[in-house]
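Just below is one structure, and these are the notes that go with it.
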Amino acid sequence: MANHPIIALGVNHAPPYSFVEENSDSSGLIIDIMQRIGSELDFELQVVSCPFPRCLKMAKEGKLDILGGLVKTEERNQYLDFIEPAYMALNSSYVFYSLKEKNLVVNEYEQLKDKRIAVMRNAAYFELFDSDAALNKIIVSSEKVAVDMLLKDRVDLVIAVEETADYSIKFLKQASHRLQKLNYRHTDNILGYAAISRKYQNIELLNKIKQKMRQFQKSGVLTQLVKPYNLPPINKP
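According to our numbering, the residues represented by the sequence shown are 2 to 238, in order.
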């Protein structure tokens, strides 16, 4: 039997784009994409479930080969090789949720200053927010933990991508009826990429994966793969 290369793919629980269930297989868009590429390039995909911060750390250390759904930043680019094109292209807003009973008002950015804001460890949001050291950011391990802390009044706000947050909160069966979306928002084009650890050493296979992703873009395969997730078509280059 021929030996096939193994690609270790890190997946975190981030509905509606990836699901990690107890005692069952992980599923999601990046798995669909990499399985399709693997079937054509003849490599074996090993899916590893991990919280988002741990996935990033493992990729940085070379313990994972590929991650998905990543916003490109200069810091991440030091240890991850981003694969073009982005397979997630959201024209959406970063929004903030609070408890209805607290009657908080945030109509402009400056009103975030005195709030305790739950943010996911190592996540990237928008530049003004990410670089603002004056904000009181409470680091959490997942979006579910962030919402749990909000419901327990341990933080004042949770930041999230509007297009996915409502679905995610509902899926996690959290008390969404107690939450309100505040007026202030930061609208942006949010691009999500797959990226390969810079410690990955099979350069020949890496280049083939990059080439296959571009081919999928040109042929419309990427658009077919993202369609079930209600994501926009991937424009041809």
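The beta carbon of each residue, even a glycine, is placed where N, CA and C say it ideally should be.
Your pair L71 and A196 checks out as a contact, with CB atoms roughly 5 Å apart and the cut at 8 Å. Within its own chain, the residues whose Cβ lies closer than 6 Å to the Cβ of D33, once the five positions on either side in sequence are excluded, are L226, listed in chain order.
Counting the other CB atoms within 10 Å of its CB gives S40 a total below 16, which places it among the exposed residues. Looking at the backbone, the Cα of E128 and that of K219 are separated by about 31 Å.
Closest option to R122, judged by alpha-carbon separation, among I160, R186 and R215: I160. Contact between the segment 174–192 and the segment 35–54 is absent, with fewer than three C-beta pairs closer than 8 Å. Boundaries of the alpha helix (DSSP H) harbouring P54: F53 to K61, taken from the DSSP string.
When the beta-carbon positions are compared, I84 and I7 stay at least 8 Å from each other.
When C-alpha distances from M89 are compared across M35, D26 and Y18, the shortest belongs to Y18.
Where N190 is concerned, there is no enclosing alpha helix (DSSP H), although the beta strand (DSSP E) around it starts and stops at L180 to S198. The straight-line gap separating the alpha-carbon atoms of E111 and H14 is approximately 32 Å.
DSSP places R37 within a helical segment (H, G or I) once states are collapsed to three. For K219, the uninterrupted alpha helix (DSSP H) segment begins and ends at I204 to S220. Between L206 and the set M35, A135, S99 and F130, the nearest pair of CA atoms involves M35. Under the DSSP assignment, V48 falls in the beta strand (DSSP E) whose first and last residues are E45 to S50. Within the segment 51–134, the complete beta strand (DSSP E) runs of at least 3 residues fall at 67–71, 81–100 and 117–121.
A distance below 7 Å between beta-carbons, with the five flanking residues on each side excluded, links Y230 to the following residues of its chain, in chain order: P17, Y18 and L30.
Taking all protein chains shown into account, A135 has fewer than 16 neighbouring C-beta atoms within 10 Å of its C-beta and is therefore exposed. Around N190, the same chain offers N92 as residues with beta carbons nearer than 6 Å, after the five sequence neighbours per side are excluded. K153 is positioned such that its CB atom lies no closer than 8 Å to that of G63.
Under the DSSP assignment, V146 falls in the alpha helix (DSSP H) whose first and last residues are E144 to L152. Annotation for F217: L223 place their beta carbon closer than 6 Å to its own, counting only its chain and skipping 5 residues before and after. Between M150 and V162, the gap from beta carbon to beta carbon reaches 8 Å or more. Straight-line measurement puts the Cα of V21 at about 30 Å from the Cα of K101.
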